[in-house]
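Undergrad: So that you can map any letter, position 208 of the sequence shown is 212 in our numbering, and since no number is skipped, the others follow by simple counting. All C-beta atoms in this analysis are idealised placements derived from N, C-alpha and C, irrespective of residue type, glycine included. For clarity, every value in this text was computed on a predicted model and none was experimentally measured. First the structure, which I've put down as structure tokens, then a few questions once you've had a look.
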Amino acid sequence: MQSRLQFTGFGSYLPERVVTNEEITEKWGVSDEWIRTRTGVRERRACKENELAYHLALRAARTAIEDAGIDATAIDLLIYSTMVPEYVLPGMGLFVQRDLPLRSTVPCLDIRSQCAGFLYGLETANMYLASGKYRNVLLICAERQHEYFMLYESTAPIFGDAASAVVLRHEPVGGEERGLLDLALFADGSGTDHAITAAGTYPFEHLEGADLSEWKRALKRITPQMREKGHFLCWSGRQIFQTAVKRMVECTRDLLDRAGFSLSDIDHFLFHQANERINQAVAQRLEIPAEKLLWNIETYGNTTSATIPLLLEENRRNGVIRDGDLVLMCAFGVGYVWGAALYRF
């Protein structure tokens, strides 16, 4: 009997601290109107001191496991997605395995696919589940990034902290069209010098093929606080914006064509919440009705890999996404990585 990947449990956790645009204005001198016009963000969440992404991940994971109606010992594989891990090593998934706790021998896999991390995690889980060796996969997307991105005027208004988790299984569907119907992933390394955080073991000046003009501009903006942190960001916002719109439009159209659906067949579009203007541009080019777009960037900002599962959990819990609904998820991340997925509830 045919089986497909299905969501069996959802969980999310948001830090208690709310950072309004007024706080960004006080630090950087930009207006609330300027922030809203360029990003769509009104407020975002931020971790308190000593609250790490994996602490958020633990709360989200416990909720997802409870929602799935299973015990933590039933998890066979943990996939942990984050863009800016607290530690270079070991992998952050191991902290979750230890403290949740999961069985001590459960394999843990960290993935670094930026804002497309959830879709990359879905495909990874799908392959593991299809092998027949695994029954329940826990996929966590956890991000603690607001404090870091507050160091930079261009990124301070955008990013928030959050964690979201899903429990995934392959379930028999018979002849029904439900579960994960199709998923496509892509990458293009030509964008690696458009957004880099230099914090590893190799000096950025030695990056082969890097556009050093971007780095030289970034160097002029380094502050003592950035040097104290030991790393800094090179960010080419305009290039990222243009590429994101182009790739998201392309992969949405291609996936629908491949799966035999039209835009009108989709009940809800869940685009990665990177920037309101990006999603508006994608929707305009695809001629998507406004009522089919689900949003939360206004209240949470860009929570990178957590945005789509957070949208899923909220709208499923609130009854917006109902049984039988067909949703299209699409995400784009720096580097570049992107993808789209079709799922029938």
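Quick one: Cα of SER117 to Cα of THR29, how far?
TA: In the sequence shown, counting from the first residue as 1, residue 117 sits at position 113. In the sequence shown, counting from the first residue as 1, residue 29 sits at position 25. Looking at the two C-alpha atoms, the distance is approximately 31 angstroms.
Undergrad: What are the boundary residues of the alpha helix (DSSP H) that includes GLU47?
TA: Here residue 47 corresponds to residue number 43 of the sequence shown, with the count starting at 1. Where GLU47 is concerned, there is no enclosing alpha helix (DSSP H), although the beta strand (DSSP E) it sits in stretches over 47-50.
Undergrad: Of the residues THR159, VAL338, THR303, ARG348, which one's Cα is nearest the Cα of ILE196?
TA: Walking along the sequence shown from the start, residue 196 turns up at place 192. Per the sequence presented here, residue 196 reads as Thr, with Ile not at that position. Taking only the C-alpha atoms, the option nearest THR196 is VAL338.
Undergrad: Keeping to the same chain, check which residues put their C-beta closer than 7 angstroms to that of ILE282; ignore five residues upstream and five downstream.
TA: Within the sequence shown, residue 282 is the residue found at index 278, counting from 1. For ILE282, where only same-chain residues beyond five positions count, the Cβ hits under 7 angstroms are PHE245, ALA248, VAL249.
Undergrad: Say yes only if the C-beta of ASP103 is nearer than 7 angstroms to one or more non-hydrogen atoms of the ligand SAH, and no if none qualify.
TA: The model on display carries no ligand, and the ligand SAH is accordingly not part of it.
Undergrad: Measure the beta-carbon distance from CYS51 to ASP186 and round it to whole angstroms, keeping in mind my assumption that it falls under 8 angstroms.
TA: Your numbering for residue 51 matches position 47 in the sequence shown. Your numbering for residue 186 matches position 182 in the sequence shown. About 36 angstroms; that fails the 8 angstroms criterion.
Undergrad: Taking the alpha carbon of VAL276 as the point to measure from, which residue in ARG63, TRP342, MET96 has its own alpha carbon closest?
TA: In the sequence shown, counting from the first residue as 1, residue 276 sits at position 272. A small fix is needed here, since residue 276 is His in this sequence, not Val. Comparing Cα positions, the closest option is TRP342.
Undergrad: For SER194, name the three-state secondary structure that DSSP assigns.
TA: Here residue 194 refers to the residue found at position 190 when the sequence shown is read from its first residue. Looking at SER194 - three-state DSSP - the assignment turns out to be strand.
Undergrad: Give the list of continuous alpha helix (DSSP H) stretches no shorter than 4 residues that lie fully inside the region 69-157.
TA: Entirely contained in the region 69-157, the alpha helix (DSSP H) runs reaching 4 residues are, in chain order, 97-103, 121-134, 150-153.
Undergrad: So for PRO293, helix, strand or coil by DSSP?
TA: Residue 293 sits at position 289 when you count from the first residue of the sequence shown. Three-state result, PRO293: coil.
Undergrad: Give me, in chain order, the residues of the same chain whose beta-carbon lies closer than 6 angstroms to that of LEU106; leave out the 5 immediate sequence neighbours on both sides.
TA: Taking the sequence shown and counting its residues from 1, the one referred to as residue 106 is at position 102. For LEU106, where only same-chain residues beyond five positions count, the Cβ hits under 6 angstroms are ALA76, ILE79.
Undergrad: Can you name, in chain order, every residue of its own chain whose Cβ lies under 6 angstroms from the Cβ of CYS334, other than the five neighbours on each side?
TA: For the purposes of this step, residue 334 is identified with residue 330 of the sequence shown, where counting begins at 1. Within the same chain, CYS334 has close Cβ partners MET252, THR256, PHE275, ALA344.
Undergrad: Indicate whether TYR124 and MET96 have their beta-carbon atoms separated by less than 8 angstroms.
TA: Reading the sequence shown from its first residue, position 120 is the one you call residue 124. Reading the sequence shown from its first residue, position 92 is the one you call residue 96. The answer is no: Cβ separation not under 8 angstroms.
Undergrad: Go ahead and pull the three-state DSSP assignment for TRP32.
TA: One-based indexing of the sequence shown puts residue 32 at position 28. TRP32 falls in the helix class under three-state DSSP.
Undergrad: According to DSSP, simplified to helix, strand and coil, what is LEU298?
TA: Counting from 1 along the sequence shown, the entry for residue 298 is found at position 294. LEU298: coil per DSSP, three-state reduction.
Undergrad: Less than 8 angstroms between the beta carbons of TYR132 and LEU81, yes or no?
TA: Here residue 132 refers to the residue found at position 128 when the sequence shown is read from its first residue. Here residue 81 refers to the residue found at position 77 when the sequence shown is read from its first residue. In this structure, LEU81 lies closer than 8 angstroms to TYR132 by Cβ.
Undergrad: Taking 7 angstroms as the limit between beta carbons, can you name the residues of its chain near ALA287, skipping five residues before and five after?
TA: The count along the sequence shown starts at 1 and reaches residue 287 at position 283. Excluding positions up to five away in sequence, the list reads LEU297.
Undergrad: Whole angstroms are fine: how far does the CA of GLY15 sit from the CA of SER158?
TA: As a position in the sequence shown, residue 158 is number 154, starting the count at 1. As a position in the sequence shown, residue 15 is number 11, starting the count at 1. Each residue's Cα considered, the two are about 31 angstroms apart.
Undergrad: Along the alpha helix (DSSP H) that carries LEU172, what are the first and last residues, could you check?
TA: The residue given as residue 172 occupies position 168 in the sequence shown. No alpha helix (DSSP H) holds LEU172; the beta strand (DSSP E) holding it covers 166-176.
Undergrad: For the candidate residues GLU280, ARG102, LEU104, whose alpha-carbon lies nearest to that of GLY305?
TA: Position 301 of the sequence shown, counted from the start, is the residue given in the question as residue 305. It is GLU280.
Undergrad: Buried or exposed, going by whether 16 or more other CB atoms sit within 10 Å of the CB of LEU126?
TA: Taking the sequence shown and counting its residues from 1, one reaches residue 126 at position 122. Classification for LEU126: buried.
Undergrad: Using a C-beta cutoff of 8 angstroms, does LEU18 count as contacting chain C?
TA: Although the question refers to chain C, the structure presented lacks it and comprises just one protein chain.
Undergrad: To the nearest angstrom, how far is it from the Cα of THR43 to the Cα of VAL23?
TA: Here residue 43 is taken as the residue at index 39 of the sequence shown, counted from 1. Here residue 23 is taken as the residue at index 19 of the sequence shown, counted from 1. Distance between the alpha carbons of THR43 and VAL23 is about 15 angstroms.
Undergrad: Using CA coordinates, which residue listed in GLU317, GLY264, GLU295, ARG348 is at the minimum distance from ALA64?
TA: Within the sequence shown, numbered from 1, the residue matching residue 64 stands at position 60. Measuring from the Cα of ALA64, the nearest candidate turns out to be GLU317.
Undergrad: Out of GLU90, ARG348, HIS174, TYR340, state which residue places its alpha-carbon closest to the alpha-carbon of ASP327.
TA: The count along the sequence shown starts at 1 and reaches residue 327 at position 323. Among GLU90, ARG348, HIS174, TYR340, the Cα nearest to that of ASP327 belongs to ARG348.
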